[in-house]
Amino acid sequence: MASSLVIVYHRQPYEEHVVDGKTVLRENASPNGIVPALKGFIGQTERASWVAWKKAAAGKPPKFERRITVEDSYGSYEVVRLPLTSEQIGQFYHVTSKEALWPILNSFPSLYSTENCDWATFREVNRLFAEAACEEAAPGAVVWVHDYNLWLVPKFVREMRPDVRIAFFHHTPFPPADVFNIFPWRDEIIDSLLDCDVVGFHIPRYARNFVATVQSLRPVDDVVEREVPDELRATGTALSEPLTPVSMTCKGRTIQIDAFPIGTHAGMIRSTVQQPDKAAQVAQIRRDIPQEKIIVSVGRVDYAKGTREMLLAYERLLQRRPELHGKVKLLVTAVAAADGMRAYKKAQQYIEQLVGRINGHIGTLSWQPILLSTTPMPFADTLCYFRAADICWITPLRDGLNLVAKEFIAAHVNESGVLVLSEFAGAAVELQDAVLVNPYSLVQMDAAIDRALDMPREEQRARMQRMDALIDRYDIGHWTRHVLEIFAQLRAQSDENREAA
1 MASSLVIVYH RQPYEEHVVD GKTVLRENAS PNGIVPALKG FIGQTERASW
51 VAWKKAAAGK PPKFERRITV EDSYGSYEVV RLPLTSEQIG QFYHVTSKEA
101 LWPILNSFPS LYSTENCDWA TFREVNRLFA EAACEEAAPG AVVWVHDYNL
151 WLVPKFVREM RPDVRIAFFH HTPFPPADVF NIFPWRDEII DSLLDCDVVG
201 FHIPRYARNF VATVQSLRPV DDVVEREVPD ELRATGTALS EPLTPVSMTC
251 KGRTIQIDAF PIGTHAGMIR STVQQPDKAA QVAQIRRDIP QEKIIVSVGR
301 VDYAKGTREM LLAYERLLQR RPELHGKVKL LVTAVAAADG MRAYKKAQQY
351 IEQLVGRING HIGTLSWQPI LLSTTPMPFA DTLCYFRAAD ICWITPLRDG
401 LNLVAKEFIA AHVNESGVLV LSEFAGAAVE LQDAVLVNPY SLVQMDAAID
451 RALDMPREEQ RARMQRMDAL IDRYDIGHWT RHVLEIFAQL RAQSDENREA
501 A
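Just so you know, we're using this note's numbering here: the sequence shown kicks off at 1 and counts up by one.
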């Protein structure tokens, strides 16, 4: 039976574990923000399918079923596993996506490299994803494609299935036109995105960058804009925009443009940290780490995440304020990149060396300034560390949104705490009561962590309460309802077109 919604995302929506020689599917213990957000649509759609890859041996039939039915807490849905070889995965994801596309998306052109890229393989993998999606899609279905490594899927879907509606969502930044246009494949990428019915972004700045890029490469007939609501307009900060595009007409075809930041499961997070066993875990963390101030920073190893700059600022803090020695502890979770991700190996080595230097030069036998973990932590445990911490320090050099910031707020359940957040994280346009900072400025980074450490508890609580109310209002349910409204409009258009035909 065909699906009315086909989600196309490279990751499988579960973890595979081998138990007694059999493969068992389990919900992700340490989910990235995208997977649970997308699974939230499963139970609200009549029939949904999810297309992802699964590694297979080259030249042999895959040793797994290509299509399976999954039933979990989100509902029942089909998962189509696209068999890809190690070579295909390496070229498509580890090399082309991470060594060429990722640096440009995050405005690091100096790190951009096409030396090892095979664009033909990238294109072919995108075509395979599109084929699988088209096989699943019912007449007039919505095919919802996620993230930059599947940029070419819309083009192939439009060719194979002109009856379906195509939505694309970027979970990353979208760079300015002069940076995006570094790509030698810019025309192919933009033409594919112009085959969509809806192109989505987290914040207005990225939507405006997309429109400007299209205008630099193609004749655009019309762009419709509206004012950005106050809750997304952090005037005076790096990503603030007064207007956002809502549609663009190019070659007689109108594309809807949506800028709407994803929310977090605020209610679930609050209920989790308030469970008796989790409350006990939080208390144990505070006993194990007796310092007056616990600072937490959670992310993955990536030069765009600004972990290096944050660690250097912490080192300067301890050098400037020796009275803090023995009284603060920085907990850093920087999850190491998977094997084959050469683009991040240098960043990981530098982080580990820098932590060793700070602990060795400033720490003592009884106090280490930093605890570093490069392994994934179960989500519930991460929430407990958020609840136990006094400060969350999230200062990426560039980030599409950053759900960690919202998760920290929810975990504090209206209590005191301070969020130090980079202006270059998409979430900064929403979380205006955070201590917003330019991570490229040493002076601002120093001032921000000083302000966080010295902020009166009453001010902390007032700021956290305002941000908590905001993430509660614009939670994952709000984002889901917004997207479902768009899908309903797309399906209505499909029905009208079929009736006209």
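Just so you know, even glycine gets a beta-carbon here, dropped at the ideal spot from N, CA and C. Bear in mind that the values here come from a model prediction, so they are computed numbers and not experimental data.
Distance, Ala313 Cα to Ala280 Cα: Residue numbering aside, residue 280 sits at position 280 when the sequence shown is read from its first letter. Residue numbering aside, residue 313 sits at position 313 when the sequence shown is read from its first letter. Here the alpha carbon of Ala280 sits roughly 32 Å from the alpha carbon of Ala313.
For Pro175 and Asn209, the rounded distance between their alpha carbons: Counting from one through the sequence shown, the residue named residue 209 turns up at place 209. Counting from one through the sequence shown, the residue named residue 175 turns up at place 175. Roughly 6 Å between the two C-alpha positions.
For Ser271, three-class secondary structure by DSSP: As a working note, residue 271 is residue 271 in the sequence shown. Secondary structure at Ser271: helix, using DSSP grouped into helix, strand and coil.
Cutoff 8 Å; reference Lys54; Cβ partners in own chain excluding five residues on either side: By one-based count along the sequence shown, residue 54 stands at place 54. Counting only Cβ-Cβ distances below 8 Å, and skipping sequence neighbours, we find Gln12, Pro62, Phe64, Arg81, Leu82, Pro83 and Leu84.
Proximity to Val298 [Cα-Cα], best of Ser271, Leu318, Arg270 and Leu330: Start at 1 with the first residue of the sequence shown, and residue 298 comes out as number 298. Checked all of Ser271, Leu318, Arg270 and Leu330; the closest Cα to Val298 is Leu330.
At least three beta-carbon pairs within less than 8 Å, the stretch 151-168 to the stretch 119-126: Short answer: they touch.
Simplified DSSP state of Gln256, which is helix, strand or coil: Position 256 of the sequence shown, counted from the start, is the residue given in the question as residue 256. Gln256: strand per DSSP, three-state reduction.
contact_flag[the stretch 180-198, the stretch 229-237] where n(CB pairs < 8 Å) is 3 or more: No: the two stretches stay apart, fewer than three of their Cβ pairs being nearer than 8 Å.
Burial state of Leu194 (16 or more Cβ within 10 Å): In the sequence shown, the residue the question calls residue 194 occupies position 194. Leu194 comes out buried.
Inter-residue spacing [alpha-carbon to alpha-carbon] between Glu135 and Val95: One-based indexing of the sequence shown puts residue 135 at position 135. One-based indexing of the sequence shown puts residue 95 at position 95. Glu135 and Val95: Cα-Cα distance of roughly 28 Å.
Distance between Glu46 and Gly75 (C-alpha atoms, nearest Å): As a working mapping, residue 75 is identified with position 75 in the sequence shown. As a working mapping, residue 46 is identified with position 46 in the sequence shown. Counting only the Cα atoms, Glu46 lies some 11 Å from Gly75.
Identified DSSP bridge partners for Ile471: As a working mapping, residue 471 is identified with position 471 in the sequence shown. Partner(s): none; Ile471 has no beta bridge.
Buried versus exposed, by CB contacts within 10 Å (16 or more), His361: In the sequence shown, residue 361 corresponds to position 361, counting from 1. So His361 ends up on the exposed side.
Contact under 7 Å by Cβ, Pro439 with Glu227: In the sequence shown, the residue the question calls residue 439 occupies position 439. In the sequence shown, the residue the question calls residue 227 occupies position 227. No, the Cβ-Cβ distance between Pro439 and Glu227 is not below 7 Å.
When Arg270, Val198 and His202 are compared against Ser247, the one with the closest alpha-carbon: Within the sequence shown, the letter at position 247 stands for residue 247. Looking only at Arg270, Val198 and His202, the smallest Cα-Cα distance to Ser247 is reached by Val198.
Proximal residues to Leu101 (C-beta, below 6 Å), its chain only, five neighbours per side dropped: By one-based count along the sequence shown, residue 101 stands at place 101. Tyr148.
CA-to-CA distance, Val220 to Thr249, given in whole angstroms: What you label residue 249 is simply residue 249 of the sequence shown in a count that begins at 1. What you label residue 220 is simply residue 220 of the sequence shown in a count that begins at 1. Annotation: Thr249 to Val220 spans about 6 Å, alpha carbon to alpha carbon.
CB of Val51 within 7 Å of CB of Ile68, strictly: Numbered from its first residue, the sequence shown carries residue 51 at position 51. Numbered from its first residue, the sequence shown carries residue 68 at position 68. No, the Cβ-Cβ distance between Val51 and Ile68 is not below 7 Å.
Leu383, DSSP secondary structure in three states: Locating residue 383 in the sequence shown gives position 383, where the first residue counts as 1. Note: Leu383 maps to helix in three-state DSSP.
Segments of 3+ residues assigned as beta strand (DSSP E) that fall wholly inside the stretch 4-65: Entirely contained in the stretch 4-65, the beta strand (DSSP E) runs reaching 3 residues are, in chain order, 15-19, 22-26 and 48-55.
Extent of the continuous beta strand (DSSP E) run through Thr249: The residue given as residue 249 occupies position 249 in the sequence shown. According to the DSSP assignment, Thr249 belongs to the beta strand (DSSP E) that extends over Leu243 to Cys250.
Nearest candidate by alpha-carbon position, reference Ser416, set Asn116, Phe386 and Gln460: By one-based count along the sequence shown, residue 416 stands at place 416. When only C-alpha atoms are compared, the closest one is Gln460.
Any beta strand (DSSP E) of 3 or more consecutive residues that is wholly inside the stretch 307-339: With a minimum length of 3 residues, the continuous beta strand (DSSP E) runs that stay inside the stretch 307-339 are 328-335.
Whole runs of the beta strand (DSSP E) within the stretch 175-215, excluding any shorter than 3 residues: Counting only runs of 3 or more, we get 198-201.
Buried versus exposed call for Ser3 [16 or more other C-beta atoms within 10 Å across all chains shown]: Residue mapping note: residue 3 aligns to position 3 of the sequence shown, counting from 1. When all chains shown are included, Ser3 counts as buried.
Residue ranges of each alpha helix (DSSP H) within the stretch 383-462, 4 or longer: Qualifying alpha helix (DSSP H) stretches, in chain order: 403-411 and 442-454.
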